[in-house]
Amino acid sequence: MKTHKIAVVAGDGIGPEVVAEGLRVLDACSDKFGFAVELLELPYGTEHWLATEEIFPDDAFENVKTCDAILLGAIGDPRAPIGLIERGIIGKLRWDLDLWVNLRPIKLLDEKFCPLKGKGVDDIDMIIVRENTEDAYVQKPQFENKGTKDEVAQQAMLYTYKGTERIIRYAFEVAAGRPRKHLTLIDKANAVRAQDLYSRVFADVAKEFPQVTTGHLYVDAACMRMIESPESIDVAVTTNLFGDIVTDLGAMLQGGMGVAASANLRPGQVSLFESVHGSFPQAAGKNIANPIATINAVAMMLDYLGEDAASAAVSGAVASLLTSGRIRSLEVGEHGTDEIGKMIAAELSLQ
Ligand code: IPM
Ligand code: MN
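Residue 199 in our numbering is what sits at position 192 of the sequence shown, and the numbering runs on without skipping anything.
So, in structure tokens, the structure goes:
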């Protein structure tokens, strides 16, 4: 029997509760589809840092490299300095494992979950391919005359040819594999001229994919377009920072942060799967957070691990519960966190 070794970082806030439901569903899949799962459960997060001052020790990080995949709950807690634990855990995983693709699908499963008037399931079905290892995210902030009226703060938006080329080529491959075969480049090259690199590389790589039609939107117009005519977007590729922003917007189109999932990939290597949402500390421990985003991340992880049937079954179970109305609403508190996890696990065993 095949064994998948999964590192689990439940993290902060609602992380442990939603991860517990993700693991419940994973467990149901291993029974039904005949594979084994070996978990490496890691205690890192703000609570652990407060108790030990440790963020992500090197030996644990080395162990993670021996796993097939990582499942992450959420990181972020107001008791820690802003960004310290997020950058030390999510950032370290993304950058030090060189997880250069952040794949964020946005798919509406039922019209009633969409906040846009007159838009349905055929209109909202896109994939945002977010670059995941460059941009302002990985540059050092610099402060001069800190705390004075003469302060100057800066953090560069830095892009390399290699980083740009690999993400653009990956996005073309994703687009080429979809029925509509349309790829949109989202940037702000009119104001941030450094992103001219994206414009040029996009035009070059496009020549290798004559079957893919292309489009371009500045990021401000892309936000407008995602609301006005989301059906015009099939696959979009963008920089790390803009990808972060447009995928929260996209999450709302598909029903909110409760369902949006992402895969942080280094194709062929250990990769990270997580929800798009944060740690939502106000909801922690109350059994009210929606675990579907994490369960959708488990579906993406199964697909990555080559468990195609299990992945499709999880997505199918989520879809059937949402479209049949058994999961009535995606609002916080409509259903218990464990109630949703159990419903999805039960639905799986019926399929
Ligand atoms: C995300 C998150 C992270 C990001 C934060 C927690 C650093 O918002 O995965 O979208 O900005 O990438
Ligand atoms: Mn984000």
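Glycine included, each C-beta is placed from N, C-alpha and C at the ideal position.
Residue range Gln149 to Glu151 is occupied by the beta strand (DSSP E) that includes Phe150, with no alpha helix (DSSP H) assigned at that position. The count of Cβ pairs closer than 8 Å, one atom from the region 328-348 and one from the region 305-319, stays below three, leaving the stretches out of contact. Near the ligand IPM, residues with a Cβ at less than 5 Å from any of the ligand's heavy atoms are Glu93 and Asp251; the list follows chain order. A Cβ-Cβ separation of about 6 Å places Met164 in contact with Val199 under the 8 Å criterion. Of the residues assessed, Asp19 falls on the buried side of the cut-off, its CB having 16 or more other CB atoms within 10 angstroms. Inter-segment contact for the region 146-164 and the region 266-283 is absent: fewer than three beta-carbon pairs are separated by less than 8 Å. Residue state for Ile240 is assigned as coil, using DSSP reduced to three classes.
When the Cα atoms are used, Asp211 and Ile193 turn out to be separated by approximately 16 Å.
In the structure shown, Ala296 adopts coil according to DSSP, grouped into three states. Spatial neighbours of Arg176 in its own chain (CB-CB distance under 6 Å, excluding positions within 5 residues in sequence) are listed in chain order as Val212. In the DSSP assignment, Gly275 is bridged to no other residue. The C-beta distance from Glu93 to Ile82 rounds to 5 Å, short enough to fall under 8 Å.
In this chain, the beta strand (DSSP E) harbouring Pro112 covers Val108 to Lys114.
For Val16 against Leu79, the beta-carbon gap comes to about 5 Å, under 8 Å, which counts as contact.
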